[in-house]
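See below for the structure under consideration.
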Amino acid sequence: MDDLDRQILDILRRDARTPYTEIADEVGTSEGTVRNRVERMMDDEIIERFTISTRTGNVKAMVEISVAVDVDTKAISERMATWEEVDFVWMVSGEQDIVLVVDAADTRGVNDLITQARDQEEVVSTKTRLILDEELG
Numbered sequence: 287m288d289d290l291d292r293q294i295l296d297i298l299r300r301d302a303r304t305p306y307t308e309i310a311d312e313v314g315t316s317e318g319t320v321r322n323r324v325e326r327m328m329d330d331e332i333i334e335r336f337t338i339s340t341r342t343g344n345v346k347a348m349v350e351i352s353v354a355v356d357v358d359t360k361a362i363s364e365r366m367a368t369w370e371e372v373d374f375v376w377m378v379s380g381e382q383d384i385v386l387v388v389d390a391a392d393t394r395g396v397n398d399l400i401t402q403a404r405d406q407e408e409v410v411s412t413k414t415r416l417i418l419d420e421e422l423g
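Under this note's numbering, the letters of the sequence shown match residues 287 to 423, in that order.
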């Protein structure tokens with residue numbers, strides 16, 4: 287991955303729907319080069335998916351989860367990623383092992399998801415932080 291790839295990724299992080307022609311103008315190359323580089327980064331799994339950020343009025347939260355030492359963190363993360371209100375699952379270092387980024391209709395939805403996490407036999411503890419506001423870089 288070179289500097290041009292990084293410039294393309296920075297633009298796509300801000301708006302994944304940016305047309306390749308606009309990206310090409312901004313980084314000083316052709317539309318075909320941008321298209322080929324994006325396709326290559328998708329093939330190489332540098333770009334995993336294109337997604338959106340919403341301002342739905344929902345309650346967003348980070349649910350930090352500690353699991354038992356002998357647990358396959360990747361397996362439980364993959365399982366939690368399928369839960370309806372989970373937007374992202376991060377495996378992290380530190381006191382917690384997994385962070386869920388949750389987008390729920392209300393605090394009851396967040397609480398239900400916390401209960402669902404705590405019901406998993408691998409989970410030792412949870413800590414939740416409500417997201418008050420977010421700025422896209």
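Just so it is clear, CB atoms sit at the ideal spot from N, CA and C, and this is done for glycine as well.
CB-CB length for Thr-307 against Ile-297, believed under 8 Å:
Actually they are not in contact, since the Cβ atoms of Thr-307 and Ile-297 sit about 12 Å apart, beyond 8 Å.
DSSP three-state assignment for Ile-362, whether helix, strand or coil
In the structure shown, Ile-362 sits in a helix (DSSP, three-state: H, G or I).
Burial state of Met-366 (16 or more Cβ within 10 Å):
Met-366 sits buried, since 16 or more C-beta atoms from the chains shown fall within 10 Å of its C-beta.
Using a threshold of 8 Å, state whether the C-beta atoms of Val-349 and Ala-390 are closer than that.
No, Cβ-Cβ distance for Val-349 and Ala-390 is not below 8 Å.
Counting only beta-carbon separations shorter than 8 Å, does Leu-290 have a partner in chain B?
Of the chains in the structure shown, none is chain B; there is only one protein chain.
Val-353 versus Ile-384, Met-328, Trp-369, Arg-323, residue with shortest Cα-Cα distance:
Ranking the options by Cα distance to Val-353, first place goes to Ile-384.
Which two residues bound the contiguous alpha helix (DSSP H) that contains Met-328?
Per DSSP, Met-328 is one residue of the alpha helix (DSSP H) stretching across 317-329.
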